[in-house]
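Asks: As you go down the protein sequences, you meet chains X and B in turn. The numbering used here puts the first sequence at residues 127 to 367. The numbering used here puts the second sequence at residues 127 to 367.
There are 2 protein chains.
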Amino acid sequence: MATGRNHRPATRSRGIPEATVARLPLYLRALTALSERSVPTVSSEELAAAAGVNSAKLRKDFSYLGSYGTRGVGYDVEYLVYQISRELGLTQDWPVVIVGIGNLGAALANYGGFASRGFRVAALIDADPAMAGKPVAGIAVQHTDELEKIISDNGVSIGVIATPAGAAQQVCDRLVAAGVTSILNFAPTVLSVPEGVDVRKVDLSIELQILAFHEQRKAGEESGGPGRKGPDGDMPAVMPA
Amino acid sequence: MATGRNHRPATRSRGIPEATVARLPLYLRALTALSERSVPTVSSEELAAAAGVNSAKLRKDFSYLGSYGTRGVGYDVEYLVYQISRELGLTQDWPVVIVGIGNLGAALANYGGFASRGFRVAALIDADPAMAGKPVAGIAVQHTDELEKIISDNGVSIGVIATPAGAAQQVCDRLVAAGVTSILNFAPTVLSVPEGVDVRKVDLSIELQILAFHEQRKAGEESGGPGRKGPDGDMPAVMPA
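1) For ALA248 of chain X, does the count of other Cβ atoms within 10 angstroms reach 16, so buried, or fall short, so exposed?
2) Of all the CB atoms in chain X, is at least one closer than 7 Å to the CB of GLU333 of chain B?
3) Kindly indicate which residue of X:GLN295, X:LEU234, X:ILE287 has the alpha-carbon position closest to the one of ILE265 of chain X.
4) Please go through the same chain and pick out, in chain order, the residues whose beta-carbon is closer than 6 Å to the beta-carbon of LEU152 of chain X, but skip the five residues on each side of it.
5) Taking the C-alpha atoms as reference points, what is the distance between VAL179 of chain B and MET257 of chain B?
6) At a CB-CB cut-off below 7 Å, which residues of chain B make contact with GLY226 of chain X?
7) Using a Cβ cut-off of 7 Å, pull out every chain X residue sitting near SER278 of chain B, in sequence order please.
8) Answer with yes or no whether the minimum CB distance from PHE188 of chain X to chain B is below 7 Å.
9) From which residue to which residue does the alpha helix (DSSP H) around ARG326 of chain X run?
10) Taking the beta carbon of ARG243 of chain B as the centre, do at least 16 other beta carbons fall within 10 Å, making it buried, or is it exposed?
11) Find the nearest neighbour of ASP324 of chain X within the set X:GLY238, X:VAL302, X:LEU154, X:ALA291, judged by alpha-carbon distance.
12) Can you tell me whether PHE188 of chain X is helix, strand or coil according to DSSP?
13) Classify ALA291 of chain B as buried or exposed, calling it buried when 16 or more other Cβ atoms lie within 10 Å of its own Cβ.
14) Could you tell me the alpha carbon to alpha carbon distance between THR167 of chain B and GLN295 of chain X, rounded to whole angstroms?
15) Over the uninterrupted beta strand (DSSP E) stretch that includes ARG163 of chain X, give me the two end residues.
16) Evaluate VAL427 of chain B with the Cβ neighbour count: other Cβ atoms within 10 Å of its Cβ, from every protein chain shown; 16 or more gives buried, anything less gives exposed.
17) Below 8 Å on the Cβ atoms is my guess for PHE339 of chain B versus LEU184 of chain X; work out the distance and round it to an integer in Å.
18) Between X:ASP271, X:LEU250, X:THR270, X:PRO255, which lies nearest to PRO261 of chain X when the distance is taken from Cα to Cα?
19) Roughly how many whole angstroms lie between the Cα atoms of GLU204 of chain B and VAL165 of chain X?
20) Less than 8 Å between the CB atoms is what I'm expecting for ILE284 of chain B and LEU330 of chain X, so what's the real figure, rounded?
21) Whose Cβ in chain B lies nearer than 8 Å to the Cβ of ASP329 of chain X?
22) Could you tell me whether the Cβ atoms of THR289 of chain B and ALA313 of chain B are closer together than 7 Å?
23) Kindly indicate which three-state DSSP category GLN268 of chain B falls into: helix, strand or coil?
24) Would ALA145 of chain X pass as an interface residue toward chain B - the criterion being a Cβ-Cβ separation below 7 Å?
25) Contact criterion: CB-CB distance below 7 Å. Does ARG243 of chain X meet it with respect to chain B?
26) According to DSSP, is TYR153 of chain B part of a helix, a strand, or is it coil?
27) Can you name the start and end residues of the alpha helix (DSSP H) that ILE210 of chain X belongs to?
28) If you drop the 5 nearest sequence neighbours on each side, which residues of the same chain put their C-beta closer than 7 Å to that of THR146 of chain B?
29) Using alpha carbons as the reference points, say which of B:ALA345, B:GLU321, B:LEU160, B:LEU337 lies closest to TYR201 of chain B.
30) Taking just the CA atoms, how far does ILE287 of chain X sit from ASN236 of chain B?
31) Within a Cβ cutoff of 6 Å, which residues of the same chain sit near ALA232 of chain B, ignoring the five residues on either side of it in sequence?
32) For ASP219 of chain X versus ARG246 of chain X, is the C-beta distance shorter than 7 Å?
33) Establish whether the CB of ASP324 of chain X and some CB of chain B are separated by less than 7 Å.
34) What whole-angstrom Cβ distance do ALA156 of chain B and LEU173 of chain B have, given they're in contact under 8 Å?
35) By the criterion of Cβ-Cβ separation under 8 Å, what are the contact partners of LEU310 of chain B in chain X?
36) To the nearest angstrom, report how far apart TYR208 of chain B and GLY346 of chain X are at their CA atoms.
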């Protein structure tokens, strides 16, 4: 993962805390927005605010990358984009398959944000024979019967599951048996995988939850007291331990 | 925002750091998974690992909620789900509108994870007259001409934009003018909003980026040296500041 061209020891990335890894995409998102506006440098405070992280933590995180910025100037936006991309493994090409080509699978296939991050949609797979051969986002959908061959032929290690909940575990098992070692799960179910396989479950409501927190606060400030209230029927009978 | 029924001062939540707010949905996701498996209690270490956060930070975060767990027992899963949901404002009903009913908008309309978090899809809006009246996820799509009336009639404060990039800013401006104060943006563009309006941009590739980091590491471990490499053409010419 490191070469002579990298300005850090080859083993450095193994020592990055998991929580830092989880924040790197947030920094990258904020930096990409700055890059799109042609902003050349950014202070740790500005970048921390844009990423929703405190600035001391950001500086600590970046120290794992060997990136310390320049006092009075800040961080070079383009170089930091490159450093984080490299650390995350995004400067290489990752073929991914998407299984389950309903609305969500089709939306993911059409999603421009994957390609710009080094993810190439190598194949679209669906269990419905009527879908086979149909083009979605310019790629002909293939039938689930072909799954193992597709994984093998394309050297795919990352699979995206966008099937209904009931089909997800079986699809997951087949992906893993075929050699996939990372699963991104959009299906609303918890998947079991063997040791050595990473699963991440996407919850599309997470950002909405953060917005709700701010809405609640705004409503509370406007009324100068209790904010908008819903029924209390959701409160569980269980009390604190 | 707080009532006499809440076991904390009304002003408490205003003092929660933004970074803690951003982690609350991650805890909630992990806790919900435990709750679905009927796990009654969880240690800070287990929950921190499930949420991808370090356990000292988790305990600090929970202290803002007034939740300290019980030594040797841990945290009560159901109560913590309730506490975090309340803090985020999810125990009330949030009507949301989704604008742009292509594949992504339709997928979001069908997404079960919103309803279970207190978000009710109040209306689906699309600019295509041919879509008007068509049912998606059991809701008849309405034309963009109706946008202001829909927002007003339903008391909507949260709007979800799933339009193409080119239409997003105009839709955003109309939502804000009609009274929406929080925008969840799935369109691949940066939106400008006036002071007091919150925008969050969803990047569906974030979880994939975290998987790529681990894949890169696994590949490096297997080969006992550099991992899978792609072309270095992505490296920017800019060097560190």
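For glycine and all other residues, C-beta sits at the position ideal for the given N, C-alpha and C.
Replies: Result, derived from the coordinates:
1) What you label residue 248 of chain X is simply residue 122 of the first sequence in a count that begins at 1. With 16 or more other Cβ atoms inside 10 Å of its own Cβ, ALA248 of chain X counts as buried.
2) Translated into the one-based positions of the second sequence, residue 333 of chain B becomes position 207. Yes, because at least one Cβ of chain X sits closer than 7 Å to the Cβ of GLU333 of chain B.
3) Here residue 265 of chain X is taken as the residue at index 139 of the first sequence, counted from 1. Ranking the options by Cα distance to ILE265 of chain X, first place goes to X:LEU234.
4) Counted from its first residue, the first sequence places residue 152 of chain X at position 26. Contacts found: ALA177.
5) Here the question's residue 179 of chain B lines up with position 53 in the second sequence. Here the question's residue 257 of chain B lines up with position 131 in the second sequence. One C-alpha to the other measures close to 43 Å.
6) Stepping through the first sequence from its first residue, residue 226 of chain X is reached at position 100. Here the premise fails: no neighbours, minimum Cβ distance about 11 Å.
7) Indexing the second sequence from 1 puts residue 278 of chain B at position 152. Among the residues of chain X, none has a CB under 7 Å from the CB of SER278 of chain B; the nearest is roughly 16 Å distant.
8) One-based indexing of the first sequence puts residue 188 of chain X at position 62. Taking Cβ atoms only, chain B never reaches closer than 7 Å to PHE188 of chain X, which makes this a no.
9) Taking the first residue of the first sequence as 1, we reach residue 326 of chain X at position 200. Counting along the chain, ARG326 of chain X falls outside any alpha helix (DSSP H), though it belongs to the beta strand (DSSP E) covering 324-327.
10) As a first step, residue 243 of chain B is located in the second sequence; it is residue number 117 there, counting from the start. That one is buried.
11) What you label residue 324 of chain X is simply residue 198 of the first sequence in a count that begins at 1. The candidate whose alpha carbon is nearest that of ASP324 of chain X is X:VAL302.
12) Locating residue 188 of chain X in the first sequence gives position 62, where the first residue counts as 1. Residue state, collapsed to three classes: helix.
13) The count along the second sequence starts at 1 and reaches residue 291 of chain B at position 165. Residue environment analysis places ALA291 of chain B among the exposed positions, since fewer than 16 neighbouring C-beta atoms fall within 10 angstroms of its C-beta.
14) Counted from its first residue, the second sequence places residue 167 of chain B at position 41. Counted from its first residue, the first sequence places residue 295 of chain X at position 169. Spanning the two alpha carbons is a distance of roughly 26 Å.
15) In the first sequence, counting from the first residue as 1, residue 163 of chain X sits at position 37. Counting along the chain, ARG163 of chain X falls outside any beta strand (DSSP E), and DSSP gives it neither H nor E.
16) There is no way to answer for residue 427 of chain B, as the model of chain B reaches only from 127 to 367.
17) Numbered from its first residue, the second sequence carries residue 339 of chain B at position 213. Numbered from its first residue, the first sequence carries residue 184 of chain X at position 58. With a Cβ gap of about 18 Å, PHE339 of chain B and LEU184 of chain X do not count as contacting.
18) Locating residue 261 of chain X in the first sequence gives position 135, counting from the first residue. That would be X:LEU250, whose Cα lies nearest to the Cα of PRO261 of chain X.
19) As a working note, residue 204 of chain B is residue 78 in the second sequence. As a working note, residue 165 of chain X is residue 39 in the first sequence. Taking the straight line from one Cα to the other gives about 45 Å.
20) The count along the second sequence starts at 1 and reaches residue 284 of chain B at position 158. The count along the first sequence starts at 1 and reaches residue 330 of chain X at position 204. 14 Å between Cβ atoms; not a contact.
21) Residue mapping note: residue 329 of chain X aligns to position 203 of the first sequence, counting from 1. By Cβ distance, chain B contributes PRO151, ARG155, GLY239.
22) One-based indexing of the second sequence puts residue 289 of chain B at position 163. One-based indexing of the second sequence puts residue 313 of chain B at position 187. It is a contact, given that the beta carbons lie within the stated cut-off.
23) To locate residue 268 of chain B, count along the second sequence from 1; it is residue 142. Correct three-state label for GLN268 of chain B: strand.
24) Taking the first sequence and counting its residues from 1, the one referred to as residue 145 of chain X is at position 19. Output row for ALA145 of chain X: interface = yes.
25) Position 117 of the first sequence, counted from the first residue, corresponds to residue 243 of chain X. Chain B contact via Cβ: present.
26) Here residue 153 of chain B corresponds to residue number 27 of the second sequence, with the count starting at 1. Note: TYR153 of chain B maps to helix in three-state DSSP.
27) By one-based count along the first sequence, residue 210 of chain X stands at place 84. 203-214 is the span of the alpha helix (DSSP H), which, as asked, contains ILE210 of chain X.
28) If you number the second sequence from 1, residue 146 of chain B lands on position 20. Excluding positions up to five away in sequence, the list reads ASP187, TYR190.
29) Against the second sequence, residue 201 of chain B aligns to sequence position 75. Comparing Cα-Cα distances from TYR201 of chain B to each of B:ALA345, B:GLU321, B:LEU160, B:LEU337, the minimum goes to B:LEU160.
30) Position 110 of the second sequence, counting from 1, holds the residue named residue 236 of chain B. Position 161 of the first sequence, counting from 1, holds the residue named residue 287 of chain X. Those two C-alpha atoms are separated by around 16 Å.
31) By 1-based counting over the second sequence, the position of residue 232 of chain B is 106. Contacts found: VAL262.
32) Numbered from its first residue, the first sequence carries residue 219 of chain X at position 93. Numbered from its first residue, the first sequence carries residue 246 of chain X at position 120. Going by C-beta atoms, ASP219 of chain X is nearer than 7 Å to ARG246 of chain X.
33) Residue mapping note: residue 324 of chain X aligns to position 198 of the first sequence, counting from 1. Closer than 7 Å to some Cβ of chain B, the Cβ of ASP324 of chain X qualifies, so yes.
34) The sequence position of residue 156 of chain B within the second sequence is 30, counting from 1. The sequence position of residue 173 of chain B within the second sequence is 47, counting from 1. Between LEU173 of chain B and ALA156 of chain B the Cβ distance is about 6 Å, and since that is below 8 Å, they are a contact.
35) Start at 1 with the first residue of the second sequence, and residue 310 of chain B comes out as number 184. Neighbours of LEU310 of chain B on chain X, chain order: GLU333, LEU334, LEU337.
36) As a position in the second sequence, residue 208 of chain B is number 82, starting the count at 1. As a position in the first sequence, residue 346 of chain X is number 220, starting the count at 1. When rounded, the distance between both Cα atoms is 20 Å.
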